[in-house]
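Quick note: the sequence shown uses the working numbering, first residue 8, plus one each step.
Down below is the structure, laid out as structure tokens.
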Amino acid sequence: MLFDFTHDHEGEQLRGVYGGDPSGATAVVLHGAGTSSTERLLPLVREFVARGCRGIAFDFSGHGESTGKLAELSLWRRFEQAVAVIDAYAAADGPLVLVGFSMSGQTVADLVRHYGDRVAALGLCAPAVYTAEAWDVPFEDGNGRFSELIRQPDSWREAPALQVLRAYEGRAVLAVPGTDAVIPTAVTESVQDALAARAQYTRFELPDAQHQLGMWFREHGDDRREFVEAALTGLDDRGWTATRTWVAKQLGDGRAVADMRPLYGGWSSQMRRLSLDDGTDLVQRTFVKPFFRHHGPGLLAREASVLALLAGQEGIPAPELVAVDATAEHCDHPTLLMSALPGRVRVDADDLDRRLDLLAAQLVRVHGVVPDERPRTYQAWTSAERVRTPDGALWERAVDVIRRDPPPYEGRFLHRDFHPGNVLFTGAGPELRITGVVDWVETSWGPADLDVAHCSTALALLHGPEHGLHFRERYEAHGGGQLADDPDHLYWRLLDALHYCPDAAKLAGPWRDLGRDDLTSEVLAERLEAYVDGLLRRYG
Numbered sequence: 008m009l010f011d012f013t014h015d016h017e018g019e020q021l022r023g024v025y026g027g028d029p030s031g032a033t034a035v036v037l038h039g040a041g042t043s044s045t046e047r048l049l050p051l052v053r054e055f056v057a058r059g060c061r062g063i064a065f066d067f068s069g070h071g072e073s074t075g076k077l078a079e080l081s082l083w084r085r086f087e088q089a090v091a092v093i094d095a096y097a098a099a100d101g102p103l104v105l106v107g108f109s110m111s112g113q114t115v116a117d118l119v120r121h122y123g124d125r126v127a128a129l130g131l132c133a134p135a136v137y138t139a140e141a142w143d144v145p146f147e148d149g150n151g152r153f154s155e156l157i158r159q160p161d162s163w164r165e166a167p168a169l170q171v172l173r174a175y176e177g178r179a180v181l182a183v184p185g186t187d188a189v190i191p192t193a194v195t196e197s198v199q200d201a202l203a204a205r206a207q208y209t210r211f212e213l214p215d216a217q218h219q220l221g222m223w224f225r226e227h228g229d230d231r232r233e234f235v236e237a238a239l240t241g242l243d244d245r246g247w248t249a250t251r252t253w254v255a256k257q258l259g260d261g262r263a264v265a266d267m268r269p270l271y272g273g274w275s276s277q278m279r280r281l282s283l284d285d286g287t288d289l290v291q292r293t294f295v296k297p298f299f300r301h302h303g304p305g306l307l308a309r310e311a312s313v314l315a316l317l318a319g320q321e322g323i324p325a326p327e328l329v330a331v332d333a334t335a336e337h338c339d340h341p342t343l344l345m346s347a348l349p350g351r352v353r354v355d356a357d358d359l360d361r362r363l364d365l366l367a368a369q370l371v372r373v374h375g376v377v378p379d380e381r382p383r384t385y386q387a388w389t390s391a392e393r394v395r396t397p398d399g400a401l402w403e404r405a406v407d408v409i410r411r412d413p414p415p416y417e418g419r420f421l422h423r424d425f426h427p428g429n430v431l432f433t434g435a436g437p438e439l440r441i442t443g444v445v446d447w448v449e450t451s452w453g454p455a456d457l458d459v460a461h462c463s464t465a466l467a468l469l470h471g472p473e474h475g476l477h478f479r480e481r482y483e484a485h486g487g488g489q490l491a492d493d494p495d496h497l498y499w500r501l502l503d504a505l506h507y508c509p510d511a512a513k514l515a516g517p518w519r520d521l522g523r524d525d526l527t528s529e530v531l532a533e534r535l536e537a538y539v540d541g542l543l544r545r546y547g
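Right under this line is the structure:
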């Protein structure tokens, strides 16, 4: 049963409902903007209550039955009102399940920042996020300063909410309608990338729905119940119950995980370091993004076979395979368990020249591996037909270069994703050395140029175009050979570089996690353009 309440807050009366078991988790359901209100969300609140939660929903000021003027509301005031209601009606210090529709996607992120580890699960339904400049600006009548700020193209890309969601480690469900005329697809994908960085993430597709998901859930009971079940899955373990159980079985009797912490620097998967009670460490790779989860069986089976191949391979410090559940038969997501290697990822500027030489020499050794059985042939990550570049003659010329058939090549064993984010270093100065090369899921057979190209693009974005442009010389100086002549080499370099269009910042998120806050969208776009221009001048 739900009970009505009226909560006085800063001279306004916020009206809402609450009910359910006060000893369980509290599900807070927040409506969107415009004409939205709690009324359409009541069936969803009741569903959470039926699952043993305490349920809360209310009308923000200027909405539904609450007092106040919508024109005076702001994102900041929405956040403050939500905090006031949660503190008044949720179980004190109990776990929170935060569900936000549309504009309340931003409010949920603000609440995650405020309540921290108390937030056990998120449900984001066609969510929006906004530029920091808009946070405390009144909404006014839809034509004021707030609307001006949020209508600036790509203003949301640097939204603080995305960084909050990237750091969140609990359960997260993103409900996505088949047609959304309000939230751009790029916003939805960026929210997904943020949640997939640390959270136990699930994408909840509603192919026949449109933006108003509150109304959809009100009218479609099966979808409503499935969404609530997804949000509450494994709540006590923040969604990781099955994976933790599987890991425990791999360790056997007498060993247990004493501590677990996320590792930074990856983009395609979540990496965690597991410290065991016997003093040893393992690393857990988990695919949670829908694309990589779908391809997880092939990717992890390949990595498992490559790690077995590289075991004891001189000059290739790769992890040792411990166990793999490539199909997620036992885990929450496709998962691989491997040994932990010493060292850390380095994306700073210290010892940069020495690090680049070590990277080049290590790549030469990778290309020297002669497998008993060749891995799959490389796959291109973009094409002239698929790539989306900025406008301009420079980009048209670059795309024209890759419009041809791939040049002939002499095949080599490729890491295929070799870049500073997948290499571990220890020491400094003369003692600096590589202690690990990780992430072997894309291992392929193809031209050495392609690995050189991929590392070069990463260096151009991380440290400046000149470092990417000159990596070929470092590779060749350390014994790397068999690279293509200039026109063909240009093909492979641009095939990789254009993969980062139109949003290099999307792939640079892990570098920011490692402290490179200087790598803004503008900086990365400028570096990529300068790098492509440099390649065309040099090899074209």
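No residue lacks a Cβ here, since even glycine has one placed at the ideal position from N, Cα and C.
Candidates the options: which alpha carbon is nearest residue i's?
i, options, result
"residue 180", "147, 223, 122 and 107", "107"
"residue 579", "376, 393 and 465", "Summary: the structure shown does not reach residue 579, with the chain confined to residues 8 through 547, and so no result is reported for it."
"residue 360", "477, 340 and 449", "477"
"residue 36", "80, 109, 146 and 426", "109"
"residue 407", "539, 530, 374 and 512", "539"
"residue 529", "547, 545, 520 and 508", "508"
"residue 189", "220, 420 and 227", "220"
"residue 114", "187, 51 and 83", "83"
"residue 208", "426, 128 and 66", "128"
"residue 153", "140, 165 and 161", "140"
"residue 455", "122, 328, 311 and 417", "417"
"residue 352", "365, 433 and 309", "433"
"residue 329", "300, 365, 292 and 298", "292"
"residue 52", "42, 43, 64 and 41", "64"
"residue 111", "39, 97, 186 and 118", "39"
"residue 136", "165, 103, 56 and 99", "165"
"residue 326", "348, 316, 334 and 341", "348"
Buried or exposed: residue i, going by 16 or more other Cβ atoms within 10 Å of its Cβ?
i, result
"residue 324", "buried"
"residue 268", "exposed"
"residue 395", "exposed"
"residue 321", "exposed"
"residue 150", "exposed"
"residue 8", "exposed"
"residue 453", "buried"
"residue 30", "exposed"
"residue 159", "exposed"
"residue 54", "buried"
"residue 226", "exposed"
"residue 386", "exposed"
"residue 520", "buried"
"residue 66", "buried"
"residue 332", "buried"
"residue 318", "exposed"
Please return the same chain residues whose Cβ sits closer than 6 angstroms to the Cβ of residue i, not counting the five positions on each side in sequence.
i, result
"residue 518", "354 and 526"
"residue 549", "Within the shown structure, residues of the chain are numbered from 8 to 547, placing residue 549 beyond reach of any answer."
"residue 537", "472"
"residue 14", "21, 92 and 95"
"residue 493", "546"
"residue 495", "414"
"residue 367", "481, 482 and 485"
"residue 313", "447 and 450"
Looking at the strands, I want to know which residues DSSP matches up with residue i.
i, result
"residue 26", "62"
"residue 213", "184"
"residue 291", "279 and 344"
"residue 128", "104 and 178"
"residue 451", "421"
"residue 42", "Answer is none; residue 42 lacks a bridge partner."
"residue 34", "62 and 104"
"residue 443", "431"
"residue 220", "According to DSSP, which records beta bridges pairwise, residue 220 is partnered with nothing at all."
"residue 14", "21"
"residue 8", "Looking at the DSSP assignment, residue 8 forms no beta bridge with any residue, so it has no partner."
Within its chain, find whatever has a CB closer than 7 angstroms to the CB of residue i; leave out the 5 residues flanking it on each side and keep chain order.
i, result
"residue 358", "435, 436 and 439"
"residue 497", "408, 542, 546 and 547"
"residue 514", "274 and 507"
"residue 310", "343, 447 and 448"
"residue 147", "78 and 153"
Would you grab the beta carbon distance between residue i and residue j for me? Rounded to a whole angstrom, and I think it's under 8 angstroms.
i, j, result
"residue 69", "residue 28", "Contact flag wrong, Cβ pair sits at about 31 angstroms."
"residue 414", "residue 491", "6 angstroms"
"residue 444", "residue 422", "7 angstroms"
"residue 474", "residue 363", "7 angstroms"
"residue 425", "residue 370", "6 angstroms"
"residue 255", "residue 283", "The pair is not a contact, with the Cβ atoms about 11 angstroms apart (cut-off 8 angstroms)."
Excluding the five sequence neighbours on either side, which residues of its own chain have a C-beta within less than 8 angstroms of the C-beta of residue i, listed in chain order?
i, result
"residue 503", "388, 457, 460, 461, 463 and 464"
"residue 211", "180, 181, 182, 183, 233, 234 and 237"
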